[in-house]
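Participant: Sequential numbering from 223 applies to the sequence shown in the working numbering.
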Amino acid sequence: LFFRLCRVNAMSAVGLGHWVVRPCRIRTHHADRLVQARAASKEQGLFLTPACERLLNQGWTVDDSFAPQLVSSLREEFMSRFENPLEVSADRFIWDYWLVPHQYALMRTTAEAFFAPATYQLLEERVLEWAATLGCRSCSPMWLSYYVDGHAQELHTDAPHGPFAFVLSLTDFEHRRFTGGETQLLKQETVLRSFWEDAGTAKEVNQLFDFIEPRLGRLTVFDGRIPHGVRQVRGVQDPREGRIVVHGWFTEPTPYFDGGIDEDIATGILNEHMAGVFEEIQKLPSCNGVVVVRLDVGPDGQVKTIDVLSCTLQTIDVGVDRYEVVDAVLEAIEAKFEGPVFAGAVFTETVSQEPTGITLPFIFD
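#1: Under the assumption that HIS378 contacts GLN325 (Cβ atoms under 8 Å), give the Cβ distance between them as a whole number of angstroms.
#2: Applying the 10 Å Cβ sphere with the 16-neighbour rule, what's the burial state of PRO307?
#3: Name the two residues that bound the continuous beta strand (DSSP E) containing CYS274.
#4: Rank ASP420, ALA421, GLY422, ARG453 by C-alpha distance to the C-alpha of PHE431 and give the top, closest one.
#5: Which parts of the region 424 to 489 are runs of the alpha helix (DSSP H), unbroken and 4 residues or longer, counting only runs that do not cross its ends?
#6: According to DSSP, what are the bridge partners of GLN536?
#7: Assuming VAL515 and ILE555 form a contact by the criterion Cβ under 8 Å, report the distance between their Cβ atoms to the nearest whole angstrom.
#8: Leaving out five residues before and five after ILE448 in sequence, what residues of the same chain have Cβ atoms less than 8 Å from its Cβ?
#9: As a quick exercise: from ASP486, ARG276, GLN504, GLY357, pick the residue whose alpha carbon is nearest that of LEU531.
#10: Just to confirm the assignment, what range does the beta strand (DSSP E) spanning ARG330 have?
#11: Have a look at the DSSP bridge pairing and note the partners of ILE585.
#12: When we look at the beta-carbon of THR401 and count the other beta-carbons within 10 Å, is it buried (16 or more) or exposed?
#13: From this set, LYS558, PHE337, CYS509, which residue's C-alpha is nearest VAL293's C-alpha?
#14: How far does the alpha helix (DSSP H) with VAL548 in it reach, from first residue to last?
#15: How would you label LYS565, buried or exposed, when you count the other beta carbons within 10 angstroms and need 16 or more for buried?
#16: Please confirm whether VAL525 and PRO562 have their CB atoms less than 9 Å apart.
#17: Where do the N-terminal and C-terminal ends of the alpha helix (DSSP H) with LEU408 fall, by residue?
#18: How far does the alpha helix (DSSP H) with GLN343 in it reach, from first residue to last?
#19: Look at the alpha carbon of ASN231 and the alpha carbon of ASP480, and state the distance between them as a whole number of angstroms.
#20: Could you give the residue range of the beta strand (DSSP E) that holds SER391?
#21: Here's a check: name, in chain order, each residue in its chain whose Cβ is nearer than 6 Å to the Cβ of VAL318, leaving out the five neighbours to either side.
#22: Do you know how far the Cα of THR442 is from the Cα of ALA353?
#23: Going by other Cβ atoms of all chains shown within 10 Å of its Cβ, with 16 needed for buried, is VAL427 buried or exposed?
#24: Residue range of the alpha helix (DSSP H) that VAL293 falls in?
#25: Does DSSP put THR379 in a helix, in a strand, or in coil?
#26: With 16 as the cutoff for other CB atoms within 10 Å, does PRO436 come out buried or exposed?
#27: Span of the beta strand (DSSP E) holding ASP318?
#28: Go ahead and label ASP518 buried or exposed: buried means 16 or more other beta carbons lie within 10 angstroms of its beta carbon, across all protein chains shown.
#29: In angstroms with no decimal places, state the Cα-to-Cα distance between GLU560 and GLN459.
#30: GLY372: beta carbon under 8 Å from a heavy atom of the ligand SAM?
#31: Can you tell me the Cα-Cα spacing of TYR369 and GLU351, whole angstroms?
#32: Does the beta-carbon distance from LEU390 to HIS469 come in below 9 Å?
#33: How is the beta strand (DSSP E) around LEU366 delimited, first residue to last?
#34: What residue from GLY403, ILE434, GLU419 has the CA that sits closest to VAL540's CA?
#35: Might you give, ordered along the chain, the residues of its own chain that have their beta carbon closer than 7 Å to the beta carbon of PHE300, omitting 5 neighbours on each side?
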């Protein structure tokens, strides 16, 4: 397997069928994630970002401060469309009642069809910036859904859509008049450990599932392979009072970089070192999922830090310790990329003082 880098800040926005790709830098609105991770240690080396740690350990993470002004604008636009139920306009006829008996029941439309173009573009930009913190550069078309009395999603998985599912809540959960509406995920310990190992202990629903409340402005991101659903909403019929969410998937991560390094030289160096990484990984037990790392390369070609942006590895073989495999994969990556790996690469003078960031995904299937 050979990587071909593409310079992220040289790309124009393109659409791949229905899948959206836009240029996005890791160090934008969420630069503090990487800074905080590095601050935990004074030594050079490999660090897991806080979001990565949560995804690794529990399968999900939340951001309760996602673009507050944008969230407010999105909710205001939704509320205004339903303000006068007697008003007839074309945009009131874009909703699909998605009903799959005993599985899905909700009202949905595409977010792009509902929101004003400028609002939707800003939403897309912010979502992609967040996706980039996990090493993903694209997302699926986004849905806008609302849930009123009787609506729910029963347990299911989203494996084919992308490594991460996301839900952005526009719900006024603090003043809700309904019950239910939480995102429900099977707990990692239930997934990872044989259920029968602890069969002698009684378990109830809160010990088997995590429940994430759809609080206003909360962005929930989770591994879509984990069985999940939405608890049935009860108590309201007005769309404005229901569970209102924008949701979709971050798609497969791809290699990319920003900074002053020469991409042709860097690509050659990467492929040379990748051979050693793959050789070590092939010795490990079978697993699936993604690992995405970001190399920060100084003007001298020295890899200053290696940030693990996301890791969703799950072992396939019975009896294999998942965390031992994760450690072995990360150690193999660190061993091949620490130090003056890019000492022979050419850097442009205009960014000679700015480190180059190289994002590398490893996809296991």
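Built from N, CA and C at the ideal position, the CB exists for glycine as well. Given the structure is predicted, the values throughout are model-derived calculations rather than measurements.
Facilitator: In this structure, then:
#1: 7 Å
#2: exposed
#3: Counting along the chain, CYS274 falls outside any beta strand (DSSP E), though it belongs to the alpha helix (DSSP H) covering 272 to 280.
#4: ARG453
#5: 427 to 430
#6: ASN510
#7: 6 Å
#8: GLY281, TRP282, THR379, LEU407, LEU408, GLN410, VAL413
#9: GLY357
#10: ARG330: member of the beta strand (DSSP E) spanning 326 to 332, first to last residue.
#11: VAL512
#12: exposed
#13: PHE337
#14: 544 to 559
#15: Contrary to the premise, residue 565 reads as Ala rather than Lys in this sequence. ALA565 comes out exposed.
#16: yes
#17: Per DSSP, LEU408 belongs to no alpha helix (DSSP H); it is in the beta strand (DSSP E), 405 to 408.
#18: 339 to 354
#19: Here the model assigns ASN231 a pLDDT of 41, short of 50, so the residue's position is not dependable and the matter cannot be decided.
#20: Run containing SER391: 386 to 391, per the beta strand (DSSP E) assignment.
#21: Looking at the sequence provided, one finds Asp at residue 318 rather than Val. For ASP318, where only same-chain residues beyond five positions count, the Cβ hits under 6 Å are ARG330.
#22: 12 Å
#23: Exposed, because fewer than 16 other Cβ atoms sit within 10 Å of the Cβ of VAL427.
#24: 290 to 303
#25: coil
#26: buried
#27: First-last of the beta strand (DSSP E) with ASP318: 318 to 322.
#28: buried
#29: GLU560 and GLN459: Cα-Cα distance of roughly 57 Å.
#30: Absence of the ligand SAM from the depicted structure is noted, as is the absence of any ligand whatsoever, leaving it without description.
#31: 27 Å
#32: Cβ atoms of LEU390 and HIS469: closer than 9 Å.
#33: 365 to 369
#34: GLU419
#35: LEU392, ILE466
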